Each structure stands twice: as C-alpha cells, then as structure tokens.
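The sequence shown: position 412 = 522 (the working numbering), numbered continuously. Glycine residues also receive a C-beta, built at the ideal position from the N, C-alpha and C atoms. Since this is a predicted model, take the numbers as computed values, not measurements. Here's the structure, in structure tokens; my notes come after.
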Amino acid sequence: MNKQCIYCAKLSTEALVELAKISFEAQRFPRDAYYQHHDSFSALEQSAHDGCDLCQVILQCFQQTPCEAEQPLEWPQEWKEMIRASSDGYPQTMYSVAKGLDISDVKLCINTSHLYDSQGLRDVQVFDEIIVQVGTLHIETDENYGVWSFPQLVLRLNTPKDQAVYVETFRIGRFEVDPDLGSLTNHQLAKEWLTECCHDHESCLSHQMHELPSRVIDVGSSPNEGSVRLLLSHGLKADYVALSHCWGGAISPLLTTESTATFQQNIDIEVLPANFRDAITITRHLGIRYLWIDSLCIQQDSNSDWEVESKKMGLVYRNSTVTISAMISGHSKSGILRTSQSAHSLGASTTLDVFVGNDDISKVTVRRKNLQEENLISLDRRSALAERGWTLQEYILSPRHLLYGQEMIYWKCPRGFKSSDGLPPGNNSPHTIYKDAAQVICSDILRHPDEVPPDIDAIFRDYAELVNAYSQRKLTYGSDKLPAFSGLAQRLHPAIEGEYLAGIWTANFRQGLLWTAEMKFCQHVNEPYRAPSWSWAVTDDLVLFEGPQAVEEQVVLKSTPSSARLLEYSINPRVPDNPYGEILSAKLVVEALTKPFVRSRQVVETILDPNSIGTVNFDEPAGPEDSVPMGWASLFRMKTEGGDYIFSIITRPGDDADWEVDFHYFREEDYLLMLVYTDDDVAEDDETEWSQSPAFCLILRQTSDESQETYERVGFAKLQEPRLRWLKTWERCVLTLV
C-alpha cells in the first residue's frame, strides 16, 4: 500500500471534480474552488522525503520540468532579482524558483487538455490533468510588470483502456497507449476504427466499391507471406489501401518498364524499404488485400505512364478505403511501426484514488505531462509528412486516414478524429479541416451528403486557405508545383464555374490575383518555367490572399465600375488534356485602370505618415534597402503639371516628420500600378466621395517584348479607401499579363 501524507490521503478525483463543479475554466486554475495541499513547498519536499508517493511525483516533476524560455522575461522584477541571486541566470527547472518563493503553498485542481482556453464544464468529456499551483494565484506588482502567477505544473492522468473510470458523466484519465505501434493491440484498434466507420457512421462514406487503380500491390490473404505481387487491375472493383509517405531520397526497388513483368510474378518483402513493409503489414491486419504505393504502381522511368497515372492520383486517394499516413517517417527507410520511448522519459508515477470512503477501489495513474507531447495538431504542423507538397492533397482527398505518429495511432474520417489515448477531438486536433471544400470533394461518395451545397464564397475561402497551407510545404522538384495541387483543383472544379488557369479561377480571377508574400518577399522561380508571374505557383515562398476576404465574408469579388475585367485568357498545358498539371505558358488579357508607378531606394524614419496613401509588398527585393529591419514600403502620390503618379518609399519606425522626397533615389525602371478591385459600386446620384473598400492593385513591369503591351507582376499594393473622383482619372488600358 502506498504511503501517503494527510493531504494526499484525503485526495481523490471525485473530490477534485466536485470542486470543478463550483468553478471551472479549461486551461485555467480556479480562483477559489481548489484543493488546498501543503502550506509550503518546503513541506511538500519534506513529505516527499518521508515517503509520500504523490508528493514524490510532484517534487520530481518540478525538478525535471524546465522553465519555458520566454516565461522568465514576463516575470515580475522581484522574481528576476531572486533568480539572478540564486542561479546566476534563469533557473533550469521550476523547482529552483519554487524553493525561493516567500509564499509557496501548494494547491491542486482537475482540468482537461481537450478543450480550448476558458471553455466551461458542460463541454468536458474527459478530465485528464491535475494542475499544481504554487504560491499566490495573482501577484500584485507595480504597473510595469502587471499581475502574474507562478507557472503551473501539469500532471497527466491515465487508465487502461479496458478499465475506464467515471465520476458521474466525466471519464477520468486518458487511456494508456501501447508504445509498440506494430502490436496486435494497435492493429486491432485500427481495424475497429475502420469497421465502426464503415458500419456505424451515418455521416461517412457509402458502401459503394470503387475500381482499383490501374496497378496495385496484392498483399495476399495471409499475414505471414514473404512476398507480394503487382496486379494489373483491369477495372476490378475491391477495397484497397493507399499509402501517403515521404520519399526522402532515392527509393529501391522501383517499378519500371523493365521490372513490371517481374513484379507481377513476385516482390520479395525483405528487399522493400521499411515504410513499404510496414504498410503491407498494416494492410493485411485491416483485412484488405490491395495496397497502392506510388513508386511501386507508377512506372518511374516512363514519362507517358507518369502523365497518364498522375492525372488519376486524386481519384486514387479519394476512392481508397483508407489511407495510411506515415506522419513522422522522413524517408522510405524510417519505418512506420515504431516503438515509442516517451513513457520511459517521464519519470516516476503513482496512483490516485478515484473515490475515497467507499468500496470502489478504482485508481488512475499520475505522472508528469510531457511539455512537447505528441497530438494530431502537432503532427499536422510539424511532422515530416506535413512538410511535403504532394501530401496536402493526399490528406484532403482521402476521406479516411490511419495516421501513424511517434507515440500512437490516430484516425480521421468525415465524422471527425480519434486517437488511441481516447481523448475527444478539440484543442488537440487540427483546427482547419476545409469543411466546405471537403464537402465538394466527397459529395458523391458520402451516404448522406448535405442537401444544401456550400456557397461559392465558402468554397473559395477554403481554396485560399489550401493555397496558403500548400505554400508552406516543400517539393523536391519545382516542376511539381501545379501537379502536386492538381487533384484538389480537379475535384473542386465541378462546383466552380469557369476555367482553371495555373492556380486561379476565371470565376474569381480578381481574388485569384490578390496574393502576396506572407513573410517579407516571395521570389519568383523563372527557370525552368513553371507558372506565369501572376500565379501564386510562381514562388516557393509562403503566400496568402490579401483581398477583401481577409476582413469580409465576401470572397467572390463582384464586378464594379473601377475593377479589372478579364477579356481573354490562354493556357498551354504540357499534357494537352490536363489543364491542372504542368504548363508551358499562360497569359491573361485584362482591361484595367492604371497609374504610373515609381520605386524608390529612399529609406525614411517615420511612422504612420499622414501623407501615405497605402502600402506595397514587392515580390522581390531590388536592393539592400528593401531588407532593412522593421522597414516596409509605403505609397505616396506625386502631383505634376502633366498629371500625377504613385511612388513607394521604404519607411521604418522613427520621428522624422519633416522628411522630403529625394528624387535621386528613384529607380529608372518604369512600373505600372494596375487596379484589380475596389468597391465603388455606387449609384450615379450617390455623393459618396470615398471607395467602400481599399483599392487592391498589382505592381507591373513591362517585359522585354515592347511591341506588345505585355507585363509581368512584381508586387501587390493596397490603397486605403481612395477617392472615387481620383480613381476616375486613372487611364484605362488593355494589358497582357504573363
């Protein structure tokens, strides 16, 4: 029997839940409804030395938990002085600071990790954390430092999956997970998830069986067979699994024109990379016979086969029974079915009674929570698979996923997410799931698709977010920029009127042109050619759409008197019948209002200059001045005898209110400001003087082909609510954009 101090002996999860019913906010320690533990940190330490198991765990957690790197910078001054005096710098652990607090009583509360900050008790499904607070909850300091509390320590609660415990309707603790991802327990759980989705999820997929991809791997019906073979499907309908993985360099063996016949006879499993061997094992345990792996099912030495099969990749993933996502496997030899060591690194653990004073002997395990613990949202943001360009469309197009991390397995389907630790979806799950785009993509394979389709604004809003997410990923070959996104465009096209042009849509071409760098610049990739300058696909840098959708519900930009009009367009795809893949050239012919534009090298230290009329984001720097710290390009209007023009100055924080324009810094290149959209749709008798929205523009530069009015994009600009009378003075031109 565990030795306990008087405070731990009276402690139970039931008692903590009763306190939570008085006062509870997710991720926050309550002001008054908490369990009072030892009256000082020193008393806690003495209790641990006397043998109290829970006090020992808490003490060890303080000793092993580092202070967050940013946290000391926010501590009140007296804490900083105490720290410097005791450790010649910031402490390595929370223990060293807790020891020096003047007021260091210990308080506990129960909480949950699956809710967002400040959500209430009615949203709780699982209580899986105990928060330990040392010292006063709110420390009053002078006005320079605000109100602060000592950083909280979080303990994790766990139970075996087959011994779930409840206090009233609240489940207590996460499920213990099997650290061996290749264990029978995990294989059975994966199959349970798939079976449940197939048979019990009314909102998920229909029972329709699809044709197999052109080629698949036949994994056989026995879990112990030492070989597999390539099958030419010839329209056969059956369940199959698709693999989403990182190549991470050269892969061997590969399907080639020469090896196709040999692979149809036999492929020795032992010669395959670890990822493929593990995918075969998973497929067999799911009770599915066929597996699709790109490098084994598309001839890697045949351009013609690639052109045919790459067009089908969107359907391959969308029609799969389930997709295996090897989230953390950086290359083909990494393996999917690993054994996690994280449980061994969390130090000591003990148990806590669920109830006190009755015959129920249920207990939960208490141990330190890993500050960097894995969950679906961390995998979605930082895993190897989430960094690769091709895998975004594989993730979105596949309606069902088995996701393999480092520590556990996860599930995703139209119903939502699951994890093997049993935590409900919420704060630990990806926030962006592109609901409206997914509805379009899967509408014909769902059992009960929504009767009301998403409106076009919702689809384009998701599309803009998809482009932003895609721009954060990496491609081995720049020529794949459009092909690796083509499956998404192809599946969304039926819901979008018009044509698809190298990443933008004629149905919303104005919004499609209004992308800009998310960071400082977005360098164009011109050699080898892969996209026109006006397409987001021209850059490998992060991009986002900066039109009215950023602040308004409207995404499809209507035609207004001053907005650009699309007159003509052309696209020359590498494969004639595939407008979604690689292209050889593309152009737009637009009619738009324009103004001469000058780019200056001048840097001025001023902030919020009242004469500035807007800002500009150049795609590429023209000189060192464009990269000055805290600098951005502001727009100004210059009036002359012959008219006016717009110019940019690099401004940075400062108080130079009397600066003057230095014309020596003006660049000799001629630029053009082209108005793409502004909301000036007002009646003739309306006396409104200002546009209803900013004016969103492109910065253009004429190409070397001076015989034509041909321009390339070099930047994005925004004019803040320009005067309508002024806009009417701009010159309306017909321009060809390449």
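Cβ-Cβ separation, residue j to residue i (assumed contact under 8 angstroms), whole Å
i             : j              : result
leucine 654   : tryptophan 625 : 7 angstroms
serine 538    : serine 150     : A quick correction: the sequence has asparagine, not serine, at residue 538. Incorrect: roughly 35 angstroms between the Cβ atoms, too far for contact.
glutamate 504 : threonine 433  : 7 angstroms
glutamate 692 : serine 589     : 6 angstroms
leucine 462   : isoleucine 408 : Between isoleucine 408 and leucine 462 the Cβ distance is about 54 angstroms, and since that is not below 8 angstroms, they are no contact.
serine 529    : leucine 486    : 7 angstroms
alanine 130   : isoleucine 220 : 6 angstroms
arginine 601  : cysteine 314   : Not quite, the Cβ-Cβ distance comes to about 18 angstroms (not below 8 angstroms), so this is no contact.
glutamine 375 : arginine 339   : 6 angstroms
glycine 499   : lysine 584     : 6 angstroms
threonine 246 : methionine 204 : Threonine 246 to methionine 204, Cβ: 16 angstroms. No contact.
Exposure of residue i, with buried meaning 16 or more beta-carbon neighbours within 10 Å
i              : result
asparagine 254 : Since pLDDT at asparagine 254 reaches only 46, below the 50 mark, its modelled position is unreliable, and the value read off the structure follows with that caveat. With fewer than 16 other Cβ atoms within 10 Å, it is exposed.
leucine 845    : buried
glutamine 243  : buried
methionine 437 : buried
histidine 309  : exposed
valine 464     : buried
glycine 724    : buried
glutamate 368  : exposed
glycine 597    : buried
tyrosine 226   : exposed
isoleucine 241 : buried
glutamate 312  : exposed
valine 381     : exposed
tyrosine 587   : exposed
methionine 740 : exposed
proline 323    : buried
alanine 371    : exposed
alanine 674    : buried
threonine 750  : exposed
For residue i, the three-state DSSP class (helix, strand or coil)
i                 : result
leucine 183       : Because leucine 183 carries a pLDDT of 38, less than 50, the predicted location of this residue cannot be relied on, and no value is offered for it.
arginine 842      : strand
glutamine 549     : helix
arginine 428      : helix
proline 671       : coil
lysine 347        : strand
isoleucine 566    : helix
glutamine 243     : strand
tyrosine 117      : helix
glycine 359       : coil
lysine 828        : strand
histidine 634     : strand
isoleucine 717    : coil
leucine 265       : strand
valine 127        : helix
asparagine 727    : strand
phenylalanine 139 : coil
cysteine 314      : coil
cysteine 807      : strand
proline 706       : strand
serine 206        : helix
phenylalanine 619 : helix
arginine 448      : coil
tyrosine 276      : strand
asparagine 254    : Because asparagine 254 sits at a pLDDT of 46, beneath the cut-off of 50, its placement in the model cannot be relied upon, and the point is left open.
leucine 533       : coil
phenylalanine 172 : helix
DSSP beta-bridge partners of residue i
i              : result
histidine 395  : The partner list for histidine 395 (beta bridge, DSSP) is empty, contrary to what the question assumes.
glutamate 656  : According to DSSP, glutamate 656 bridges with nothing at all.
glutamine 146  : Lys217
proline 683    : Ile693
methionine 748 : Tyr755
cysteine 523   : Gly526
histidine 511  : Thr433 and Lys522
valine 338     : Ile377
glutamine 600  : DSSP, once it has assigned bridges, lists no residue as partnering glutamine 600.
threonine 820  : Thr846
serine 354     : Ser435
proline 584    : Just to set this straight, residue 584 is lysine in the shown sequence, not proline. The partner list for lysine 584 (beta bridge, DSSP) reads Arg498.
threonine 366  : None, per the DSSP bridge assignment.
Below-8 angstroms beta-carbon distance, residue i vs any chain B residue
i          : result
valine 666 : Of the protein chains in this structure there is only one, and it is not chain B.
- Taking only runs that begin and end inside the segment 753–800, name each unbroken beta strand (DSSP E) of 3 or more residues, in chain order. DSSP runs (the beta strand (DSSP E)) wholly in the segment 753–800: 753–762 and 781–787.
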